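Everything below concerns the one structure shown next.
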Amino acid sequence: MMAEYQTTTAAKDAPKPKGPGWSFNWVGRIGLAIMLFWGLVAFVGPWLAPHPPGEIVDWDYFGPVSGDYWMGTDYLGRDIFSRILMGARYTVGIALAAVTLACTLGVILGMIAAVAGGWFDMVLSRLLDAFNGIPSLLFGLVVVAAVGSSIPVLILTLTAIYMPGSYRFARALAVNVNTMDFVTVARARGESTRYLILQEIFPNILGPVLADLGLRFVFIVLVLSGLSFLGLGVQPPNADWGGLVRENIEGLSLGAPAVIFPSVAIASLTISVNMFIDNLPTKIRDRSE
Amino acid sequence: MTDPLVTVEKLRIGATTDSGRKVEIIKGVDFEIAPGEIVALIGESGSGKTTIALSLMGHTRTGCKIEGGTIRIGDCDMTAMSNRARAALRGTEVSYVPQSAAAAFNPSKRIMDQVIEIAAIHELMPRAEAETKAVELFRALALPDADTIGQRYPHQVSGGQLQRLSAAMALIGDPKLVIFDEPTTALDVTTQIEVLRAFKSVMRAGGIAGVYVSHDLAVVAQIADRIIVLKGGEIQEVGGAEQILNAPRDAYTKQLLAAFEPVPHQPEEQPAQAAKPKPVLEVFDLCAGYGAIRNGEPAAKILKDVSFKIERGRNLGVIGESGSGKSTLARAVAGILPAYRGGVIVDGTEMKPDLKDRSKAELRRMQMVFQLADTALNPAHSIGAILARPLTFYEGLRGKAREARVTELLDMVHLPASLRHRLPGELSGGQKQRVNLARALAAKPELILCDEITSALDTVVAAAILELLKELQRELGLSYMFISHDLSTVEAICDDVLVMYKGEVVEALPAATMSSEATHPYSRLLISSVPKLDTGWLAGLEQDPELVAQFANR
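Okay, here's the thing in structure tokens:
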């Protein structure tokens, strides 16, 4: 017993080994690599694309994979490869911006509501509940009809749709942490609400909040494609990946690559985001344990 | 000598941790239990007492595995049987009474249905017969309204009653061996007596053998014939209850016994100069409660006109059973729960009821330490960061000076400085509680409110914490308000004692003469209910039944 204790203290006396807390496994690394790849494509896509996205390059529709058109052509004979490269900018950019905004806002408001309690919590919660009752596509329709479609409008609309859920989630987690003794100790010390939220509560809800962010990201990609389908999202001739799938869906029965490749792109992005988040470094993920 | 009912030979139980490391929990244990004999397994947490007790049913907790040795009960070899055969024995040969009866009962089913479940599963007898038998057991266990109590739901009976009902559940199948896993640990002392008595008489009457798992020597002394002292998965000493208590041979047993003996507290010598005549804490007519506030009064009033004083360098103990308002008192004094009437004066300055309105300097003087050491430390912060925060917050210390002070604080509570890089999850219970104390000390307080700080710790560890508190008091001139349900700890550290009952102070008296001079009937009942290290204590205990009925919520 004694000897064991001494060896462990000796190990702790040595300079803290760097790395193990931050390293993560290969599944997470693959996820991160795919995310970075799509991020890069979103940046440089327009320069890489062999054709402008709206140019009709082939007289045949739903063309097969060929040396000229790497991923075939769509229902109007446009080059799918170019359209996916251009669409990355919209899908990755809009979804990432919207999910970051939605979760940041939701989590901050949720934690404030949990700590402050009282009327602030009640008013905000009921307000956002009521907001949750509006169907998301209907809301998008109204907003876009009112102010017109542009990328900032799309980002803000998607943020508004997904923020209440994130708020509810973070609030529920924070309420639990808020009743723990260590928060009471900090409060008894006289700490400000800001300190309580950022230092005491946030590190302990970070893991679940990140998992929630991954899920929400996937939903946003889907709603974005829904908006595009209704003509409210990304405006033609550009299209996001969801839009590409929708407009080429008739090609599915013909086995057209035009519908397969955008689907693969969506799947690889959403799965990689979740692979990365589920395998985050233990330092971030397991803090509450 | 008759054949033993239970024979355990060279029992080894191991587990594989999450990181794939193999650990041995039980390292070769041998013992026997004769029919009708009650054997106690005693030891600190992690000593393997519950693991051994569960293995007698052939059961191990998830992740654990019986790796060697044999367990025989009667003619059955529990280790060699199939799971199905073992299941057939559970409830009829061996049964189990868990620590938390409240968690063991299904809240959505009537008590009777759950008590006779064993009879139904094993098809021992028809339902009507089982119910009659259950009522007989209720009567034998001295439960009130034995005929109708089975029709209630678990939340409609008290904790002590529920614990006795779970014993009835265990006894319905006429087992030869009953395993009690700390059944009275969660109960108040006054309730504990009743439960112990009921267990003892039922076991005697039925000639049933028992295994009683506990960390409390005094409780074990009342019920066990033999005691097995465990430490780190190995038997330290086996002996008759009398022998273990009066003539322990093993060093660890002696240590356990020594930790139990209260060391009477020596009041600190007061400096002769009367420079600071003001008491460090004065509380008058304090009223506090929970719930919605109407007309300035909360819906549920807990504290009713509590008044007391703590002189500088002296310690006040607050005792009472659960629900008496002890913790609420500490929270109201600290301002966590604002009092709606009355006042708190610290060192001559009257405090605002809500801590939000108190200044940093006022907050600094009074620090609080909680019962559950692990929930009081943020799992995401290192020990160093936890201790550094109050230093930055109250004194604005940074960098080297702060680092030095953190090391100094760890040294004060006898922890190595290297601990500051660790997270709370990597510390033992006793170490965590020391860190909590160090955090309170970081504010350089004059008064520390200790809310049951030793209750969740093992006896030996708790005794060490008490020693530390005394030492810190000598060095730093602190005062403590010490809340506890354990009278011997209060005796060990306090100068004065408040006895609380239903939110009121029923008596205030000096700790040294607490047991002899208490006059209020409730304090007398409470004091006489504390088990003593004497095998004849329970049998010889005489309490006025009317008094018991009046004060104990049975």
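Protein sequences appear in the order of chains A and B.
Offset between the first sequence (1-based) and my numbering: plus 893.
Offset between the second sequence (1-based) and my numbering: plus 177.
The C-beta atom is built at its ideal place from N, Cα and C for all residues, glycine as well.
Predicted, not measured: the structure shown is a model, and the values here were computed from it.
Taking C-beta pairs closer than 8 Å, name the residues in chain A that Leu532 of chain B reaches, listed in chain order. As a first step, residue 532 of chain B is located in the second sequence; it is residue number 355 there, counting from the start. Within chain A, the residues near Leu532 of chain B are Arg1080, Ala1081 and Gly1083.
In the DSSP assignment, find the beta strand (DSSP E) that holds Gln720 of chain B and state where it starts and stops. Within the second sequence, residue 720 of chain B is the residue found at index 543, counting from 1. First-last for Gln720 of chain B: undefined, no H or E at that position.
Who are Asn260 of chain B's beta bridge partners in DSSP? The residue labelled residue 260 of chain B in the question sits at position 83 within the second sequence. Paired residue(s): none; Asn260 of chain B is not in a bridge.
Using a Cβ-Cβ cut-off of less than 7 Å, list which residues of the stretch 552 to 583 of chain B approach chain A; keep chain order. Thr552, Ala553, Leu554, Asn555, Pro556, Ala557, Pro567 and Phe570
Quick check: is the beta carbon of Phe917 of chain A nearer than 8 Å to any beta carbon in chain B? By one-based count along the first sequence, residue 917 of chain A stands at place 24. No, Phe917 of chain A does not count as interfacial toward chain B.
Cutoff 6 Å; reference Lys402 of chain B; Cβ partners in own chain excluding five residues on either side: In the second sequence, residue 402 of chain B corresponds to position 225, counting from 1. This sequence places Asp at residue 402 of chain B; Lys is not what is there. Here the set comprises Glu214 and Ile215.
Thinking C-alpha only, which one of B:Ile190, B:Pro687, B:Leu645 and B:Pro181 is nearest Gly410 of chain B? In the second sequence, counting from the first residue as 1, residue 410 of chain B sits at position 233. Of the listed residues, the one whose Cα sits closest to Gly410 of chain B is B:Ile190.
When you check each C-beta in the stretch 509 to 536 of chain B against every C-beta of chain A, which residues fall closer than 9 Å? Ala511, Gly512, Ile513, Leu532, Lys533, Arg535 and Ser536
With a threshold of 8 Å on Cβ separation, who are the neighbours of Thr256 of chain B within its own chain once the five nearest residues in sequence on each side are excluded? The count along the second sequence starts at 1 and reaches residue 256 of chain B at position 79. Result list for Thr256 of chain B: Gly235, Ile243, Gly246, Thr247 and Ile248, in chain order.
Proximal residues to Leu1162 of chain A (C-beta, below 6 Å), its chain only, five neighbours per side dropped: Here residue 1162 of chain A refers to the residue found at position 269 of the first sequence. Around Leu1162 of chain A: Trp931.
Option in B:Lys408, B:Tyr571, B:Leu394 and B:Gln413 with minimal Cα separation from Asn423 of chain B: If you number the second sequence from 1, residue 423 of chain B lands on position 246. Out of B:Lys408, B:Tyr571, B:Leu394 and B:Gln413, B:Leu394 has the C-alpha closest to the C-alpha of Asn423 of chain B.
For Glu549 of chain B and chain A, any beta-carbon pair shorter than 8 Å? Position 372 of the second sequence, counted from the first residue, corresponds to residue 549 of chain B. The sequence given here has Leu at residue 549 of chain B, not Glu. It does; some Cβ of chain A falls within 8 Å.
Collapsed DSSP secondary structure at Pro475 of chain B in the structure displayed: In the second sequence, counting from the first residue as 1, residue 475 of chain B sits at position 298. Three-state DSSP puts Pro475 of chain B in a strand.
Mapping DSSP to helix, strand and coil, what is Lys503 of chain B? As a first step, residue 503 of chain B must be located in the second sequence, where it is residue number 326. The answer is helix: DSSP assigns Lys503 of chain B an H, G or I state.
Whose C-beta lies closer than 7 Å to the C-beta of Phe917 of chain A among residues of the same chain, with five residues either side of it excluded? What you label residue 917 of chain A is simply residue 24 of the first sequence in a count that begins at 1. Correct list, in chain order: Asn1172, Leu1173 and Pro1174.
Note down, in chain order, each residue of its chain lying with its Cβ closer than 7 Å to the Cβ of Thr430 of chain B, except the 5 sequence neighbours on either side. One-based indexing of the second sequence puts residue 430 of chain B at position 253. Excluding positions up to five away in sequence, the list reads Val406, Gln413, Glu414 and Ile421.
Taking only beta-carbon atoms, is Leu540 of chain B less than 8 Å away from chain A? Looking up residue 540 of chain B in the second sequence gives position 363. Closer than 8 Å: yes.
Just to confirm the assignment, what range does the alpha helix (DSSP H) spanning Arg1061 of chain A have? By 1-based counting over the first sequence, the position of residue 1061 of chain A is 168. Here the alpha helix (DSSP H) through Arg1061 of chain A covers Ile1044 to Asn1071.
Hey, does Phe1075 of chain A have any beta-carbon neighbour from chain B nearer than 8 Å? Here residue 1075 of chain A corresponds to residue number 182 of the first sequence, with the count starting at 1. By this cut-off, Phe1075 of chain A is an interface position.
Closer than 8 Å to chain A by CB, Met691 of chain B: Position 514 of the second sequence, counted from the start, is the residue given in the question as residue 691 of chain B. Cβ-Cβ to chain A under 8 Å: no for Met691 of chain B.
Thr1072 of chain A versus Gln544 of chain B: straight-line alpha-carbon distance, rounded: Taking the first sequence and counting its residues from 1, one reaches residue 1072 of chain A at position 179. Taking the second sequence and counting its residues from 1, one reaches residue 544 of chain B at position 367. Approximately 18 Å, taken between the alpha carbons.
Should Met658 of chain B be flagged as near chain A, meaning a C-beta pair shorter than 8 Å? The residue labelled residue 658 of chain B in the question sits at position 481 within the second sequence. Cβ-Cβ to chain A under 8 Å: no for Met658 of chain B.
DSSP puts Ser391 of chain B in a beta bridge; with which residues? Translated into positions along the second sequence, residue 391 of chain B becomes position 214. Ser391 of chain B is bridged to B:Ile219.
Asp1105 of chain A, enclosing alpha helix (DSSP H) - first and last residue: Sequence index remark: in the first sequence, residue 1105 of chain A carries index 212 (1-based). Looking at the DSSP string, the run of the alpha helix (DSSP H) that includes Asp1105 of chain A is Phe1095 to Phe1122.
Cβ of Met255 of chain B within 8 Å of any chain A Cβ: Residue mapping note: residue 255 of chain B aligns to position 78 of the second sequence, counting from 1. It does not: the Cβ of Met255 of chain B has no partner Cβ on chain A nearer than 8 Å.
Is the beta carbon of Leu549 of chain B sitting closer than 8 Å to the one on Asp1074 of chain A? Position 372 of the second sequence holds residue 549 of chain B. Position 181 of the first sequence holds residue 1074 of chain A. Yes, they are a contact pair.
Which residues mark the beginning and the end of the beta strand (DSSP E) in which Arg189 of chain B is found? Along the second sequence, one-based indexing puts residue 189 of chain B at 12. Run containing Arg189 of chain B: Val183 to Thr193, per the beta strand (DSSP E) assignment.
Under 7 Å Cβ to Cβ from Leu646 of chain B, same chain only, skipping five residues before and after it: list those, please. Taking the second sequence and counting its residues from 1, one reaches residue 646 of chain B at position 469. Closer than 7 Å at Cβ, skipping near neighbours: Tyr657 and Ile670.
Please check if any C-beta of chain B sits within less than 8 Å of the C-beta of Pro1096 of chain A. Position 203 of the first sequence, counted from the first residue, corresponds to residue 1096 of chain A. Output row for Pro1096 of chain A: interface = yes.
Do Lys523 of chain B and Arg489 of chain B have their C-beta atoms within less than 8 Å of each other? As a working note, residue 523 of chain B is residue 346 in the second sequence. As a working note, residue 489 of chain B is residue 312 in the second sequence. The amino acid at residue 523 of chain B is misidentified as Lys; the sequence shows Val. Cβ distance not < 8 Å, so Val523 of chain B and Arg489 of chain B don't count as in contact.
Taking the C-alpha atoms as reference points, what is the distance between Lys639 of chain B and Ile487 of chain B? In the second sequence, counting from the first residue as 1, residue 639 of chain B sits at position 462. In the second sequence, counting from the first residue as 1, residue 487 of chain B sits at position 310. According to the sequence provided, residue 639 of chain B is Ala. The question's Lys does not apply to it. Going from the Cα of Ala639 of chain B to the Cα of Ile487 of chain B covers about 24 Å.
Pull out every residue of the stretch 1127 to 1140 of chain A whose Cβ sits closer than 8 Å to any Cβ of chain B, in chain order. none
So, does the stretch 1075 to 1094 of chain A touch the stretch 546 to 561 of chain B, judging by three or more C-beta pairs under 8 Å? yes
Just tell me which of A:Leu941, A:Phe955, A:Pro945 and A:Leu969 has its CA closest to the CA of Gly1148 of chain A. Locating residue 1148 of chain A in the first sequence gives position 255, counting from the first residue. Cα-wise, what sits closest to Gly1148 of chain A is A:Phe955.
Excluding five sequence neighbours on each side, which residues of the same chain lie with their C-beta closer than 6 Å to the C-beta of Ser222 of chain B? As a first step, residue 222 of chain B must be located in the second sequence, where it is residue number 45. The residues are Asp635.
Roughly how many angstroms separate the alpha carbons of Gly383 of chain B and Glu629 of chain B, rounded to a whole number? Numbered from its first residue, the second sequence carries residue 383 of chain B at position 206. Numbered from its first residue, the second sequence carries residue 629 of chain B at position 452. So the two alpha carbons sit approximately 38 Å from each other.
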